[in-house]
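**Q** Below is the structure I would like to discuss, written out as structure tokens.
4 protein chains.
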Amino acid sequence: MASTGTQRRGDTRQRIQDVALDLFVEHGYEKTSLREIAERLDVTKAALYYHFKTKEDILVSLFADRAEPLDALIAWGESQPNTLETKKEFLRRYVEQLKDSSRLFRFVQENQAEMRDLRVGETFRSRVEATVGLLLTPAPSLADRVRVTTALLSLHAGMFALRDVEGDDEEKYDALLEVSFDLLTAAHEGDRGQGA
Amino acid sequence: MASTGTQRRGDTRQRIQDVALDLFVEHGYEKTSLREIAERLDVTKAALYYHFKTKEDILVSLFADRAEPLDALIAWGESQPNTLETKKEFLRRYVEQLKDSSRLFRFVQENQAEMRDLRVGETFRSRVEATVGLLLTPAPSLADRVRVTTALLSLHAGMFALRDVEGDDEEKYDALLEVSFDLLTAAHEGDRGQGA
Amino acid sequence: MASTGTQRRGDTRQRIQDVALDLFVEHGYEKTSLREIAERLDVTKAALYYHFKTKEDILVSLFADRAEPLDALIAWGESQPNTLETKKEFLRRYVEQLKDSSRLFRFVQENQAEMRDLRVGETFRSRVEATVGLLLTPAPSLADRVRVTTALLSLHAGMFALRDVEGDDEEKYDALLEVSFDLLTAAHEGDRGQGA
Amino acid sequence: MASTGTQRRGDTRQRIQDVALDLFVEHGYEKTSLREIAERLDVTKAALYYHFKTKEDILVSLFADRAEPLDALIAWGESQPNTLETKKEFLRRYVEQLKDSSRLFRFVQENQAEMRDLRVGETFRSRVEATVGLLLTPAPSLADRVRVTTALLSLHAGMFALRDVEGDDEEKYDALLEVSFDLLTAAHEGDRGQGA
DNA sequence: GATGAATGAGCCTTCATTCAT
DNA sequence: CATGAATGAAGGCTCATTCAT
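If you read the protein sequences in the order shown, they are chains A, B, C and D.
Number 154 in this note's numbering belongs to position 154 of the first sequence; there are no gaps in the numbering.
Number 194 in this note's numbering belongs to position 194 of the second sequence; there are no gaps in the numbering.
Number 91 in this note's numbering belongs to position 91 of the third sequence; there are no gaps in the numbering.
Number 157 in this note's numbering belongs to position 157 of the fourth sequence; there are no gaps in the numbering.
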């Protein structure tokens, strides 16, 4: 029943994913070597190849594991009436997923150059696109498109940008949501201007 | 008199910088090899080392060349009264610099993982910090801090995020500025809320 | 039973050491490249790195393998009474080790410049120092110190210096020992002079 | 007319030799790069090539400059009667030359591996051989040959071996000479044995 | 379920050397 | 007398990957 301390079994695949994500986030994908991952896990490089076909495959698996909940959320969003309140609720739930996979989102944020080539990027981008579509009004102005895009950008990059600001994470997430709501609301009401 | 064809003069250093930036943006810093740069320029790798001490040095030089105008702008901002109009004007000028060095800013945006280790990142971050400070009101709320941060984030990442949207660049920059102004204005007036 | 021809087993590590020492002696440490070692062994450079962390590491391993017997000899010397006969016996045994590792000692002799920087040098020097200490009388005169030092020097460099002299190795070793004994004896009896 | 402090002229060739020897002694011949030499002199690498045809040429020139006095000494030795006193006087003068060119002799001592390939080695070895011949009796025993060889070895390597011993250089040279005389004397008188 | 041994390609960097100016 | 610019070769090293065991 009790696990024998350091000796875990069967979960090697998951431990690889965990350590890999740590290192990918810490040093970047390119600069992280399989040797490093293997050493951190105290296994050989060859062992990694037993569980994953390639280095990229490890990364792909990290996204695959987190794709389902996101897809579910998007499906939910698409099934709801296109009201402001729906959109706000969508963002609230979106932030919850961000919190759950904060390392992964940070990885995306910091490795955009790699995300472009690595196939996995494509699937990620299409989800963001779907999300933007969800939050837009029909026939939006360019500025409103920017508002929605910025709202999402803020949620994605915000925690990282606020790293050096005092306050606990919960407060920060609330503040990010508040600003996102502002942007969303302005976009929802159409571009009647704001300074007027 | 005018050199034709291969046009190789005393401009090799600059040509290296130019090609390097192209490739750094295209593939990322890590994945760009000096062999690639050299080949594109039709010189040997050793020639690169005549002009730059290390690979990182090429990158550093790219930033060094663009640091002065940015510092001048920040100095200008700090010399002005802390009014909303000043801040707007600051952003307008900031966007001009973004346009001038769009490749470099895109590089920063897409290679954040590398920016963390590469020393050059430090000098960049401190400038962003100074800029944020400039745009903030004294004793800002957390939400207002987010607004200012988001405004800048939007300018930095916006062009990239709008890549697939129709419309020419000038329009996009205008839209980005408009949204940034909104955020700035809200932050300047204090967080009386907007959706309430 | 006996492997034939290419005979590649679990002995690669040792084969690397062997070939490396050959080349280090033949061309010097600096001028010997890993490519050369690899080619001679018909493996790739990368294979060398599977067995040794760095080029220096190969050298270090060469010394490590021979350190034990030498340390044992020194320990033996230190456990004996400080008589002339002990010292002679020590030198006799010392010469035996020299014979066993003649290539390594020749390497040391011919690559002193490298020995200074290469860390491994330090451990070697300290052993020589211990040996000198063993052979000295308490409070020796400078000349006696020179005698002992020269005795060792002669053993170390002698075979090499006598390369072009006729006679077989065994004879030469005997002659070297004889002269070393003279020097040792003179040093042991104190510097009352010799020509008197 | 007066040299302007740091700005010397005409003597560049000599300054190159000087700095080169310093570095060759400090790091070894192989590990010393022309870049290093040029930097230390605050000239370009190309400047070195104005004064010397190759890197090896710098080394050759260092030996050439010191060859004459040595040849003169050997010629003197060969012109004298083959007495013990002559040999002693020869060694005394030899030590004087060692003192004058201590850096060069140290270089030889520490870069024997390179001395073997570098042509210049040949000319050096032949001089040592001539010197040994001078100091030997006709039809010497192997042990006597060792004595003479060791005497020279001691002078060459002694200063270096005594580096960590207290005492000033003059004292050390005297002690080295004393021991060399002993060896020489024993060799001169024939090997009637000494410890017997 | 994992290891030991090895590979081939490629990396950044340095070197001695050349030559037009 | 010397420099600026460049080259070709090579160096040590690391990487993702493979495969027999």
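Just so you know, even glycine gets a beta-carbon here, dropped at the ideal spot from N, CA and C.
1. Which residue from C:63, C:177, C:142, C:147 puts its Cα closest to that of residue 183 of chain C?
2. Taking the C-alpha atoms as reference points, what is the distance between residue 10 of chain B and residue 19 of chain B?
3. Among the residues of its own chain, which have a CB less than 7 Å from the CB of residue 115 of chain A, if the five just before and after it don't count?
4. Listing by chain order, which chain A residues have their CB less than 9 Å from the CB of residue 150 of chain B?
5. Near residue 41 of chain B, what residues of its chain come up, given a Cβ to Cβ distance below 7 Å and the 5 sequence neighbours on each side ignored?
6. Inspect the beta-carbon positions of residue 97 of chain A and residue 73 of chain A and report whether they are closer than 8 Å.
7. Between the alpha carbons of residue 43 of chain B and residue 117 of chain C, how many angstroms are there, rounded?
8. Under 8 Å Cβ-Cβ, which residues of chain C neighbour residue 248 of chain D?
9. Compare the beta carbon distance of residue 102 of chain A and residue 66 of chain A with 8 Å and say whether it is the shorter of the two.
10. One question on the structure: do residue 111 of chain B and residue 157 of chain A come within less than 8 Å of each other, judged by their Cβ atoms?
11. Assuming residue 180 of chain C and residue 151 of chain C make a contact with CB atoms under 8 Å, what is their CB distance in whole Å?
12. Taking buried to mean at least 16 other C-beta atoms within 10 Å of its own C-beta, is residue 202 of chain A buried or exposed?
13. Considering only their Cβ atoms, is the gap separating residue 39 of chain A from residue 23 of chain A smaller than 8 Å?
14. Based on Cα-Cα distance, which residue from B:27, B:54, B:48 lies nearest to residue 12 of chain B?
15. How is residue 29 of chain D classed by DSSP in three states: helix, strand or coil?
16. Which residues bound the alpha helix (DSSP H) around residue 36 of chain D?
17. Can you round the beta-carbon distance between residue 84 of chain C and residue 149 of chain C to whole angstroms, since I take them to be within the 8 Å contact cut?
18. Determine the direct distance from the alpha carbon of residue 58 of chain B to that of residue 176 of chain A, and round the result to whole angstroms.
19. From residue 27 of chain D to residue 50 of chain C, what distance separates their C-alpha atoms?
20. Is residue 56 of chain A helix, strand or coil when you go by DSSP?
21. Which residues in the same chain have their Cβ closer than 8 Å to the Cβ of residue 104 of chain B, if we skip the five residues on either side of it in sequence?
22. Starting from the C-beta of residue 30 of chain D, find all residues in its chain whose C-beta is less than 7 Å away, skip the five residues before and the five after it, and write them out in chain order.
23. Identify, in the order they occur along the chain, each residue of the same chain with its Cβ nearer than 7 Å to the Cβ of residue 203 of chain C, setting aside the five sequence neighbours on each side.
24. Report all residues from its chain with a CB closer than 6 Å to the CB of residue 140 of chain C; omit the five preceding and five following residues, and keep chain order.
25. Of all Cβ atoms in chain A, is any one closer than 8 Å to the Cβ of residue 87 of chain B?
26. Taking residue 202 of chain A as part of the alpha helix (DSSP H), name the residues at either end of that continuous run.
27. First and last residue of the alpha helix (DSSP H) that includes residue 180 of chain C?
28. Report yes if the C-beta distance between residue 161 of chain C and residue 135 of chain D is below 8 Å; otherwise report no.
29. Which first and last residues belong to the alpha helix (DSSP H) in which residue 150 of chain B is found?
30. Under 7 Å, CB to CB, which of the residues in the stretch 120-145 of chain D have a partner in chain C?
31. Check for me: the alpha helix (DSSP H) holding residue 123 of chain A runs from which residue to which?
32. Going by CA-CA distance only, name the one from D:189, D:188, D:170 that's closest to residue 95 of chain D.
33. Taking DSSP as the reference, what is the three-state secondary structure of residue 12 of chain C?
34. Step through the CB atoms of chain D and report whether any lies within less than 8 Å of the CB of residue 31 of chain C.
35. Buried or exposed: which applies to residue 54 of chain B, given that a residue is buried once 16 or more other Cβ atoms fall within 10 Å of its Cβ?
**A** Per the coordinate set shown:
1. Just measuring C-alpha positions, the residue of C:63, C:177, C:142, C:147 sitting nearest residue 183 of chain C is C:147.
2. 16 Å
3. 108, 121, 124
4. Chain-order list of chain A residues neighbouring residue 150 of chain B: 150, 151, 153, 154, 157, 158, 161, 176, 179, 180, 183, by C-beta distance under 9 Å.
5. 15, 16, 19
6. Yes, the pair counts as a contact, with Cβ atoms nearer than the cut-off.
7. 36 Å
8. The question about residue 248 of chain D has no answer, for chain D in this structure spans 1 to 196.
9. Cβ distance not < 8 Å, so residue 102 of chain A and residue 66 of chain A don't count as in contact.
10. no
11. The pair is a contact, with the Cβ atoms about 4 Å apart (cut-off 8 Å).
12. Only positions 1 to 196 of chain A appear in this structure, which leaves residue 202 of chain A out of reach.
13. no
14. B:48
15. coil
16. Segment 34-41, the alpha helix (DSSP H) holding residue 36 of chain D.
17. Incorrect: roughly 17 Å between the Cβ atoms, too far for contact.
18. 37 Å
19. Straight-line Cα distance between these residues: approximately 29 Å.
20. helix
21. When the five nearest sequence neighbours on each side are left out, the beta carbons in the same chain lying within less than 8 Å of the beta carbon of residue 104 of chain B are those of 21, 62, 63, 66, in order along the chain.
22. Around residue 30 of chain D: 114.
23. An answer regarding residue 203 of chain C cannot be provided, because it is not within the stretch 1 to 196 covered by chain C.
24. none
25. Proximity of residue 87 of chain B to chain A, defined by a Cβ-Cβ separation below 8 Å, is not satisfied.
26. Nothing about residue 202 of chain A can be reported from this structure: the residues present for chain A run from 1 to 196 only.
27. 169-188
28. no
29. Element bounds for residue 150 of chain B: 142-161.
30. 142, 143, 145
31. 120-135
32. Selected option, being the one with the closest Cα: D:170.
33. Per DSSP, reduced to three states, the secondary structure at residue 12 of chain C is helical.
34. yes
35. exposed
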